[in-house]
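K.L.:
Structure in structure tokens, see below.
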Amino acid sequence: MDLKSVLRTCFVLFLLSRGTAIAAPSTSNCARLDYEISPKQAEASKQSFQRSLSGLYSINSWRQANIMQPYAHIDQLYQVAPKAQLELATLVKEVGMISKTTTVLPDVKSKDRAEAKIASELNGDASKITDLARASIVADNIPELVQAFELIGKESQIVAVKNRFKQPNASGYRDLKVLVELPESKMIAEIQLHLDAISTVKNGDEHAIYEEIQKIERNATDQSRELSEFEVAQINKLRTTSKTLYHNAWQQYLQPNRIAV
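Positions -23 to -1, 1 to 238 (mature numbering (1 follows the signal peptide of the UniProt record, and there is no 0)) are the ones given, in order, by the sequence shown.
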């Protein structure tokens, strides 16, 4: 290689080395730009949040008259229940995929539990049981939950809604419970829609509180006596703790910044 070629090669390598150094951006600047939200974006996020919250509160609780399963005998219901559970699973998976929510699919309700519920709560009428096939949808935020609810209405016939976000139960627990008539099997199935933080409380700390209250009440019942003042105070304290846990979990969702921009 002659001297001119050597010099040309050295010059090109020099330029390449300078170009690499010049092109290399500051990672801290990139990180800042990736997460920086303009006032316009923040306002749009806030408005979107308000619409979603209004949408959630506008969902009224209602129940269609005379909701019944297509069969009146429990053995007939259990012949169809597995098919209905698969049909429900397909429905909620599609809803979950579109709304970016998580689906929870338990097994068909056990026959022993179903028979106990029919006897104790439904006056022996098996056609009135509505949760043999059941599923849950867990959302990370309110917009996802509202979207999931709307999709359920498009893919099946809703026959009942209980909006406990609008009117929570005594413990402060909130969810949206929906009964649907599945289009193929014609079975009535139950779908519960949860927010993740509230669901975490329900399945964690609050479940332990519930068991402790049951233990105190069962102890008094086994001894054929009324609850003592101390036991009543214990139960009240536990219920207050439960309500605080649910309140704190719900408050997390009342901030627009929980919505991904």
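Every residue gets a Cβ at the ideal spot worked out from N, C-alpha and C, and that includes glycine.
(1) Under 8 Å, with one C-beta from each stretch per pair, do the region 37 to 46 and the region 154 to 172 reach the 3-pair mark?
(2) Could you check the C-alpha separation between Gly149 and Asn37 for me, to the nearest Å?
(3) What's the C-alpha gap between Ser104 and Asn146?
(4) Starting from Val115, follow its DSSP beta bridges and name the residues at the other end.
(5) What is the rounded straight-line gap between the Cα of Thr221 and the Cα of Tyr48?
(6) Quick check on this structure: which residue in Ser113, Tyr230, Ile106 has the alpha carbon closest to the alpha carbon of Thr67?
(7) Is DSSP giving Arg202 helix, strand or coil here?
(8) Quick test of the definition: if touching needs 3 or more C-beta pairs under 8 Å, does the region 120 to 135 touch the region 85 to 98?
(9) On the premise that Pro120 lies in contact with Ser25, defined as a C-beta separation below 8 Å, what is that separation, rounded to the nearest angstrom?
(10) Does the region 169 to 176 touch the region 68 to 75, meaning 3 or more C-beta pairs lie closer than 8 Å?
(11) Report the rounded CA-to-CA distance for Asn180 versus Ser162, giving the unit in angstroms.
(12) Just to confirm before moving on: does the CB-CB distance between Val85 and Gln62 stay below 8 Å?
(13) Only counting runs of 4 or more residues, tell me where the alpha helix (DSSP H) segments fall wholly within the region 150 to 196, in order along the chain.
(14) Whole angstroms is fine: what's the gap from Leu122's alpha carbon to Ala116's?
(15) With DSSP as the reference, please indicate the residues paired to Lys139 in a beta bridge.
(16) Would Leu109 and Leu65 be called neighbours here (beta carbons separated by less than 8 Å)?
(17) Beta-carbon within less than 8 Å of Tyr230's beta-carbon, same chain only, minus the 5 sequence neighbours each way: which residues are those?
(18) Measure the alpha-carbon distance for Val178 versus Phe207 and round it to whole angstroms.
(19) CA-CA distance, Ala226 and Pro16?
(20) Arg141 and Tyr223 - do their beta-carbons sit closer together than 8 Å?
(21) Within the same chain, show all residues whose beta-carbon is closer than 6 Å to that of Trp39, passing over the 5 residues directly before and after it, in chain order.
P.N.:
On the basis of the supplied data:
(1) yes
(2) 18 Å
(3) 27 Å
(4) Thr79, His171
(5) 43 Å
(6) Nearest option by C-alpha distance: Ser113.
(7) coil
(8) Because the criterion of three Cβ pairs below 8 Å is not met, the region 120 to 135 and the region 85 to 98 do not touch.
(9) 7 Å
(10) no
(11) Going by the C-alpha atoms only, they are around 31 Å apart.
(12) Yes, these two residues count as a Cβ contact at 8 Å.
(13) 173 to 180
(14) 5 Å
(15) Lys154
(16) no
(17) Asn118, Ile119, Leu172, Ala174
(18) 26 Å
(19) 27 Å
(20) no
(21) Val138
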